[in-house]
Amino acid sequence: MRIWVTRTEPGATRQAEALAGHGFEVFNAPVLRIEHLRSSAPDGCFDLTVFVSEHAVAAAFANGWQGSAAMAIGNAAHAALARRGQASTWPAQGSALDVADTLADSVPGRTLVVKGAGGTDTLQRWLESRGGTVVDWDVYRRVANEPAITDESIDAIVAASGEGLRVIGQLWFAHGRDPKVPLLVPSERVSAIAASAGFANVITTDGAGPMVVVDALVRLRSEEGI
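For the sequence shown, our numbering gives the first residue as -17, with consecutive numbering after it.
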């Protein structure tokens, strides 16, 4: 069973290694790459800084970020903070909704959300609805890649984001590929994007972590006898 891993690096290589360790063939070809933006941290003091990804951590530190109370979405972002000597005040959060659950009883007065340009605003809207003030800091952007897939044998696709999924759809259907290919996505939001793009066999996993994806593909391989 050959899997197209489409997420950005370094997550793509981690995912590919995890899949290979469980006997899958891997076509590692990200559809997006990350470019850091030169941007000074917003002025003022913040009660909490939320990093939405490991890319946000790397780019913020490259831009000289210094802070105290920090929270990371995803294990990779949590680990990236630890590697830089910045202990997260909370455990790694699985999603923006998990952040909302964690902060439900104690909403920060002023929160800095460190993110990529054009990212979702689910967390920001929730914080503001609870009376908090939110400042976004865009520290990176995603740039589309167009890997050649014409001659590639692909039995399943792993997508990690809505933006990446849009590029995947454009490439896949431009080459007349099968809409019934199993497509793994990390959330219901991305699942809806996949369905609107024309994919007919969408599997929603509990996040985009490497082992979550591996487990889903092991089940799929067993069910389909591939």
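Don't be surprised by glycine CBs; every beta carbon is placed ideally from N, CA and C. These numbers come from a predicted model, not from an experiment.
| Check | Outcome |
| --- | --- |
| Roughly how many angstroms separate the alpha carbons of F43 and G101, rounded to a whole number? | 19 angstroms |
| Take R124 as the anchor and find which of I131, T132 and S143 has the nearest alpha-carbon. | S143 |
| Say yes only if the C-beta of W119 is nearer than 7 angstroms to one or more non-hydrogen atoms of the ligand GDP, and no if none qualify. | Although the ligand GDP was asked about, the structure shown includes no ligands whatsoever. |
| Run through DSSP, which three-state label would V194 get? | helix |
| Is the segment 13 to 28 touching the segment 149 to 162 in the sense that three or more CB pairs, one from each, lie closer than 8 angstroms? | yes |
| Give the straight-line distance between the Cα atoms of A59 and V96, rounded to the nearest whole angstrom. | 11 angstroms |
| So, do the segment 82 to 95 and the segment 115 to 124 have three or more beta carbon pairs nearer to each other than 8 angstroms? | yes |
| Would you report the Cα separation of S50 and L30, rounded to the nearest angstrom? | 8 angstroms |
| For I185 and L147, which I take to be in contact (beta-carbon distance under 8 angstroms), what is that distance rounded to the nearest angstrom? | Not really, about 13 angstroms apart at Cβ, beyond 8 angstroms. |
| CA-CA distance, R(-16) and R171? | 25 angstroms |
| Less than 8 angstroms between the beta carbons of L166 and I139, yes or no? | yes |
| Decide if S135 is buried, meaning its Cβ has at least 16 other Cβ atoms within 10 Å, or exposed. | exposed |
| Are M53 and V81 touching if we call contact CB-CB under 8 angstroms? | yes |
| State the Cα-Cα distance for the pair R201 and R(-11), rounded to the nearest angstrom. | 21 angstroms |
| Which first and last residues belong to the beta strand (DSSP E) in which H18 is found? | L14 to H18 |
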